[in-house]
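Residue numbers (the working numbering), protein chains in the order written: chain A, 1 to 198; chain B, 1 to 198.
For each residue, glycine too, the CB sits at the ideal point set by N, CA and C.
Written below as structure tokens is the structure these notes are about.
Number of protein chains: 2
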Amino acid sequence: MSYPKPLRRLIGMLTRLPGIGEKTATRLALHMLKMPPAALREMGEAIAGLSDAVVRCSKCFNIADMDPCAYCTDPARRDELICVVEDPTDIIPIEKSGEYKGRYHVLGGAISPIDGVMPEDLHIRELLGRISQGGVEEVILATNLTAEGESTASYLAGAVKPLNVRVTRIAYGMPVGSDLEYADEITVGRAMKGRREV
Amino acid sequence: MSYPKPLRRLIGMLTRLPGIGEKTATRLALHMLKMPPAALREMGEAIAGLSDAVVRCSKCFNIADMDPCAYCTDPARRDELICVVEDPTDIIPIEKSGEYKGRYHVLGGAISPIDGVMPEDLHIRELLGRISQGGVEEVILATNLTAEGESTASYLAGAVKPLNVRVTRIAYGMPVGSDLEYADEITVGRAMKGRREV
Numbered sequence: 001m002s003y004p005k006p007l008r009r010l011i012g013m014l015t016r017l018p019g020i021g022e023k024t025a026t027r028l029a030l031h032m033l034k035m036p037p038a039a040l041r042e043m044g045e046a047i048a049g050l051s052d053a054v055v056r057c058s059k060c061f062n063i064a065d066m067d068p069c070a071y072c073t074d075p076a077r078r079d080e081l082i083c084v085v086e087d088p089t090d091i092i093p094i095e096k097s098g099e100y101k102g103r104y105h106v107l108g109g110a111i112s113p114i115d116g117v118m119p120e121d122l123h124i125r126e127l128l129g130r131i132s133q134g135g136v137e138e139v140i141l142a143t144n145l146t147a148e149g150e151s152t153a154s155y156l157a158g159a160v161k162p163l164n165v166r167v168t169r170i171a172y173g174m175p176v177g178s179d180l181e182y183a184d185e186i187t188v189g190r191a192m193k194g195r196r197e198v
Numbered sequence: 001m002s003y004p005k006p007l008r009r010l011i012g013m014l015t016r017l018p019g020i021g022e023k024t025a026t027r028l029a030l031h032m033l034k035m036p037p038a039a040l041r042e043m044g045e046a047i048a049g050l051s052d053a054v055v056r057c058s059k060c061f062n063i064a065d066m067d068p069c070a071y072c073t074d075p076a077r078r079d080e081l082i083c084v085v086e087d088p089t090d091i092i093p094i095e096k097s098g099e100y101k102g103r104y105h106v107l108g109g110a111i112s113p114i115d116g117v118m119p120e121d122l123h124i125r126e127l128l129g130r131i132s133q134g135g136v137e138e139v140i141l142a143t144n145l146t147a148e149g150e151s152t153a154s155y156l157a158g159a160v161k162p163l164n165v166r167v168t169r170i171a172y173g174m175p176v177g178s179d180l181e182y183a184d185e186i187t188v189g190r191a192m193k194g195r196r197e198v
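See the structure below:
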């Protein structure tokens, strides 16, 4: 004897979420069962309607409240810079750094043939279209520093350079506040290569 | 600038779930945003309709696929024993122990005036009704070994004893496989008091 079927079905769905194992999913589902039906319905509807409720900017493909998004319309941001990221979440740390005041372009992922993600599945064509319209001087590749992010960056570099704009990649190096003793050798190697005159 | 409103709203709802902080809620909501809309709708509807989909046994108040539940109808279980638990989840470890083959009664929580849970909010009246119908010889109080579980157990003991049935409480003691060195003094004290001849 075990939990009723609708509960087991929900537990199964929740375990497919990142970082949610069987135990956590069970705890969450049982908690939901104790919630007032109105609150449960509200949460369920918020999830069911999420993709319809969240607008995507038709210019940069960031998630937004309106289209075009606030980053694309802000007159205080520089039009001649486009920072290319994999996902909308990647914009948040860049904004927090305060080091960037240009426009963005969200690819919607990284090239990964193993996962079936090919260049045509990402918003690359639209990026090239934006650059072709002119006024862009530099494209900053801020895809992740992973194997997929790297190959996406080099693919983009090859596609963007013929359009005669500067293409840059965010720097590799040691994280601020980190300890050499505990750093991996690849990061240390990159930090060595990228050393600068002081 | 931050996430769109429907996303922030969902993040807010998710943080109210147990063990889900702001960071985890954000990660979950952003993952949901990448899910296919059909899967998202399926999950949302499973949550919205959970309390309607899950049946509650009208006899023991356990969650079930049918009413009365399998524990109440199984002819191999003993009618003269009722094990009282706070929540449906508490039945699982008891069943796994293999030490119990009687009926169950789910209170739906524990008495906790601070949280506004009074005896009349729990299925205590229904428990007394079941006992009054006769045939019950022993009521095993298996509420949690917490302050609330303890006061619920002593309240139940007072209510059940006048009906002339044996009332027992599950044993306090050292968990199997545990180390005396790391045990808290209250548990060790209870284990001492509850010592048995070998």
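Secondary-structure assignment with DSSP links Ser154 (chain A) through no beta bridge to anything. Annotated as distal: Val85 (chain B) and Ala159 (chain B), with beta-carbon spacing of 7 Å or more. DSSP, read as helix, strand or coil, puts Ala64 (chain B) in strand. If you check each beta-carbon in the region 33-62 of chain B against every beta-carbon of chain A, the ones closer than 9 Å belong to Leu33, Lys34, Met35, Pro36, Pro37, Ala39, Leu40, Arg41, Glu42, Met43, Gly44, Glu45, Ala46, Ile47, Ala48, Gly49, Leu50, Ser51, Asp52, Ala53, Val54, Val55. Straight-line measurement puts the Cα of Ile124 (chain B) at about 21 Å from the Cα of Thr73 (chain B). A direct Cα-to-Cα measurement between Ile92 (chain B) and Gly98 (chain B) gives close to 10 Å. The beta carbons of Thr89 (chain B) and Leu30 (chain A) sit closer together than 7 Å. Secondary structure at His105 (chain B): strand, using DSSP grouped into helix, strand and coil.
Around Ala191 (chain A), the same chain offers Gly173, Met174 as residues with beta carbons nearer than 6 Å, after the five sequence neighbours per side are excluded. At a Cβ-Cβ threshold of 7 Å, Val136 (chain A) and Leu7 (chain B) do not count as neighbours. Counting only residues of its own chain and dropping the five nearest sequence neighbours on each side, Arg169 (chain A) has a CB closer than 7 Å to the CB of Leu141, Ala153. Its chain contains Arg8 as the residues whose beta carbon lies nearer than 8 Å to that of Ser2 (chain B), once the 5 sequence neighbours on both sides are disregarded; these appear in chain order. With distances taken between CA atoms, Ala110 (chain A) lies nearest to A:Leu122 out of A:Leu122, A:Pro37, A:Gly102, A:Arg166.
Assignment of beta strand (DSSP E) within the region 43-101 of chain B, counting only whole runs of 3 or more residues, yields 78-85 in chain order.
A distance below 7 Å separates the beta carbons of Leu81 (chain A) and Gly102 (chain A). Per DSSP, reduced to three states, the secondary structure at Glu185 (chain B) is helical. Each residue's CA atom was taken as its position, placing Ile20 (chain A) and Asn144 (chain A) some 24 Å apart. The C-beta of Thr89 (chain A) comes closer than 7 Å to at least one C-beta of chain B. Within the region 5-28 of chain A, the residues whose Cβ lies closer than 9 Å to any Cβ of chain B are, in chain order, Lys5, Pro6, Leu7, Arg9, Leu10, Met13, Leu14, Arg16, Leu17, Pro18, Gly19, Ile20, Thr24, Thr26, Arg27, Leu28. Ala147 (chain B) is outside the set of residues whose beta carbon lies under 7 Å from a beta carbon in chain A. With distances taken between CA atoms, Pro18 (chain A) lies nearest to B:Arg27 out of B:Gly108, B:Arg27, B:Lys193, B:Glu22. Think of a sphere of 7 Å around the beta carbon of Leu30 (chain A): the chain B residues whose beta carbon falls inside it are Thr89, in chain order. For Asp65 (chain A), the chain B residues whose Cβ falls inside 7 Å of its Cβ are Pro4, Lys5, in order along the chain. By the criterion of at least three beta-carbon pairs nearer than 8 Å, the region 55-71 of chain A is not in contact with the region 41-54 of chain B. Beta-bridge partners of Val139 (chain A) (DSSP): A:Ile82, A:Val167. Under the three-state reduction of DSSP, Ser2 (chain B) is assigned to coil, being neither helix nor strand. When DSSP states are grouped into helix, strand and coil, Ser112 (chain B) belongs to the strand group.
The Cβ atoms of Pro4 (chain A) and Asp65 (chain B) sit closer than 7 Å to each other. In the DSSP assignment, the residues bridged to Val117 (chain A) are A:Ser112. CA-to-CA, the gap between Asp79 (chain A) and Gly129 (chain A) works out to about 14 Å. Ranked by Cα distance from Tyr100 (chain A), the options A:Arg77, A:Val188, A:Glu185, A:Ser151 are led by A:Arg77.
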